[in-house]
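These protein sequence lines are chains U and W, in that order.
For reference, each letter of the first sequence is one residue, going 1 to 246 in our numbering.
For reference, each letter of the second sequence is one residue, going 247 to 492 in our numbering.
All C-beta atoms in this analysis are idealised placements derived from N, C-alpha and C, irrespective of residue type, glycine included.
Quantities reported herein were computed from a predicted structural model and do not represent experimental measurements.
Protein chains: 2
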Amino acid sequence: MAQAIKKYQKKAEYSFTFGAFPTFELLKNRPEAVRGVYVHSRMDSPETFEKLKSLCDTAGVRLTISDKQVERLREKDSVLIIGVFDKYRNTLRQDTDHIVLVNPSDMGNLGTILRTCLGFAIHDVAIIEPAADVFNPKVVRSSMGALFRQQVMLFPDFATYEQQYGQNRTLYPFVLHGKNVLQELKRPEKERYALIFGNEATGLPPIFESMEHSVTIRQSPEVDSFNLSLAVGMAVYKFTEGDPLS
Amino acid sequence: MAQAIKKYQKKAEYSFTFGAFPTFELLKNRPEAVRGVYVHSRMDSPETFEKLKSLCDTAGVRLTISDKQVERLREKDSVLIIGVFDKYRNTLRQDTDHIVLVNPSDMGNLGTILRTCLGFAIHDVAIIEPAADVFNPKVVRSSMGALFRQQVMLFPDFATYEQQYGQNRTLYPFVLHGKNVLQELKRPEKERYALIFGNEATGLPPIFESMEHSVTIRQSPEVDSFNLSLAVGMAVYKFTEGDPLS
């Protein structure tokens with residue numbers, strides 16, 4: 001790679017993993033996207049190095065020891081391992097359940113949600129733009145690398161998602177005043193579903209409330225609403241409650 | 247108050263609410279603990295001021311306009327309203343369900359958990375020390391004032407909690423390898439319960455795994471474990487699923 005790699009920018013074609021664990025996840029799950037791995041000479045765990053080397057070899061990725069490169073790209077002094085990867089595109093599958101995030105704005109939340117969905121074996125996540133930058137290293141970090149195990153697809157608006165993937169599935173938008181209550185809901189036996197969530201501050205636009213399967217999480221009147229990552233967690237828990245998950 | 251009030255310290259006998267909403271919650275729910283309320287002259291919402299004045303009058307609390315005091319005590323320049331309150335002590339009730347947090351270390355998590363519990367009408371929270379300082383203004387903020395609606399009681403160790411409150415309730419410790427799976431659990435019909443959670447990084451000590459009602463949240467092998475506030479959220483969701491919550 002003769003071309004100089006710069007610190008993360010949203011418009012760049014590449015992004016980074018900082019630290020051992022997300023770099024392992026990157027190499028295991030998206031080997032074709034990896035441009036290279038850089039290690040600082042202060043990285044002194046032989047086990048970590050061996051594992052990294054072996055994953056790089058399997059993936060056909062070059063491992064370079066370069067203090068200069070690591071120090072130039074990292075955002076915290078504690079980072080000793082950096083993976084550089086090309087941003088890639090996914091498509092969702094028609095025969096799986098989906099999570100749809102409409103205009104999520106917080107990168108930490110987005111990563112947490114990707115990880116939570118993975119924990120319940122949901123692997124297809126639609127993001128309706130404008131939205132937080134899913135390839136930002138902060139999302140990679142808060143997802144603990146779960147990003148690389150998810151199919152994540154961006155859409156310019158909800159209508160585009162619905163047209164492409166809404167035909168053979170039930171759409172459950174999560175709203176403040178829904179027609180159904182999560183606690184009493186029976187999950188569909190056969191049909192696929194999409195669980196739809198709005199922005200952290202503003203929620204889903206009002207039109208979603210009138211949809212047949214709109215859902216509210218019943219809660220005490222002492223609290224306004226749950227935060228987004230908790231709402232997604234409870235919803236996904238409920239919808240996958242009968243699944244083996246393995 | 248002749249005595250000078252200082253910035254927050256763990257060892258101090260008082261703490262603060264920063265901003266309008268938590269100060270409202272403080273005045274409504276713990277009026278007897280409030281030492282005073284300070285407002286900056288740049289606070290220019292008449293509605294907020296009227297509401298604050300009315301709550302102070304009802305609580306018999308003095309409202310002082312003092313730029314100097316607000317600027318001295320606040321941690322962010324955007325704060326224009328500060329409540330000063332005496333740290334107070336609670337006891338838990340015997341005839342309610344409890345959440346027990348063993349050595350929680352993150353103040354943001356702690357606040358989120360207090361708020362989530364409130365959302366599911368659980369009002370009694372035991373904290374086993376050492377633990378994050380529950381009266382730190384960061385906990386107040388992340389709880390969005392829910393702290394003031396909760397009975398929170400500190401214990402030097404789990405045995406002390408168990409001795410005092412464990413007799414007529416089922417204890418459900420949440421662990422990685424439990425004897426039960428949350429998804430398949432039947433919540434007790436009549437008996438009271440305590441849901442017990444460990445530290446963010448280390449979880450509960452191994453001895454909890456061998457307890458009869460130890461619980462694991464079933465999850466995909468692709469993920470190690472859920473974060474603490476999500477685990478509490480799912481557990482509380484499940485245990486209160488049949489409750490009216492109002």
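Check                                                                                                                  : Outcome
Proximal residues of chain U, C-beta to C-beta of arginine 395/W below 7 Å                                             : Glu222
7 Å Cβ cutoff, glutamate 487/W in contact with chain U                                                                 : yes
Beta-carbon proximity check, arginine 288/W vs phenylalanine 394/W, cutoff 7 Å                                         : no
Assumed close pair aspartate 95/U, arginine 187/U - CB separation to whole angstroms, cut-off 8 Å                      : The Cβ separation is near 17 Å, so there is no contact.
Under the three-state DSSP convention, the category methionine 1/U falls into                                          : Legend: pLDDT at methionine 1/U = 49, less than 50; position of this residue unreliable, no value from coordinates given.
Nearest to methionine 457/W (by Cα), restricted to the options Leu338/W, Leu298/W and Ile442/W                         : Ile442/W
Whether proline 350/W touches alanine 377/W by CB criterion (7 Å)                                                      : yes
C-alpha gap between alanine 372/W and valine 175/U, whole angstroms                                                    : 32 Å
7 Å CB neighbourhood of asparagine 445/W in its chain, flanking five on each side removed                              : Val348, Asn349, Pro350 and Ser351
Closer than 8 Å at the beta carbon, the chain U residues around leucine 476/W                                          : Thr112, Thr116, Ser229, Leu230 and Gly233
According to DSSP, residues forming a beta bridge with tyrosine 193/U                                                  : Thr170/U
Listed by chain order, chain U residues near tyrosine 483/W by CB distance under 7 Å                                   : Met234 and Tyr237
Segment contact flag, the region 353-364 of chain W with the region 287-301 of chain W, C-beta cutoff 8 Å, min 3 pairs : no
6 Å CB neighbourhood of alanine 33/U in its chain, flanking five on each side removed                                  : Phe85, Asp86 and Tyr88
Beta-carbon proximity of proline 173/U to phenylalanine 18/U, cut-off 7 Å                                              : no
Segments assigned beta strand (DSSP E), at least 3 residues, entirely inside the region 269-336 of chain W             : 280-285, 309-311 and 327-332
Per-residue burial, arginine 308/W [other beta carbons within 10 Å of its own, 16 or more giving buried]               : exposed
Exposure of asparagine 90/U, with buried meaning 16 or more beta-carbon neighbours within 10 Å                         : exposed
Burial state of arginine 218/U (16 or more Cβ within 10 Å)                                                             : buried
Sequence-distant residues of the same chain with beta carbon closer than 8 Å to arginine 169/U, five excluded per side : Asp97, His98, Glu191, Arg192, Tyr193 and Ala194
Contact list for leucine 273/W against chain U, beta-carbon separation under 9 Å                                       : Correct list: empty, because the minimum Cβ distance to chain U is about 15 Å.
Serine 471/W vs alanine 121/U beta-carbon contact at 7 Å                                                               : no
Exposure of glutamine 413/W, with buried meaning 16 or more beta-carbon neighbours within 10 Å                         : exposed
Other residues of its chain near alanine 59/U: CB distance less than 7 Å, five sequence neighbours each side excluded  : Leu27, Pro31 and Val34
Three-state secondary structure assigned by DSSP to asparagine 355/W                                                   : helix
Beta carbon proximity, serine 324/W to chain U, threshold 7 Å                                                          : no
Cβ-Cβ distance between leucine 92/U and glutamine 163/U below 7 Å                                                      : no
Interface flag, arginine 433/W vs chain U, CB-CB below 7 Å                                                             : no
For proline 268/W and glutamate 317/W, the rounded distance between their alpha carbons                                : 18 Å
Span separating the alpha-carbon of lysine 11/U from that of aspartate 133/U                                           : 10 Å
Span separating the alpha-carbon of aspartate 77/U from that of phenylalanine 485/W                                    : 43 Å
Status (buried if at least 16 other CB within 10 Å, exposed otherwise) for aspartate 44/U                              : exposed
Valine 223/U, DSSP secondary structure in three states                                                                 : coil
Secondary structure of valine 140/U, DSSP reduced to three states                                                      : helix
Backbone secondary structure at leucine 474/W - three-state DSSP                                                       : helix
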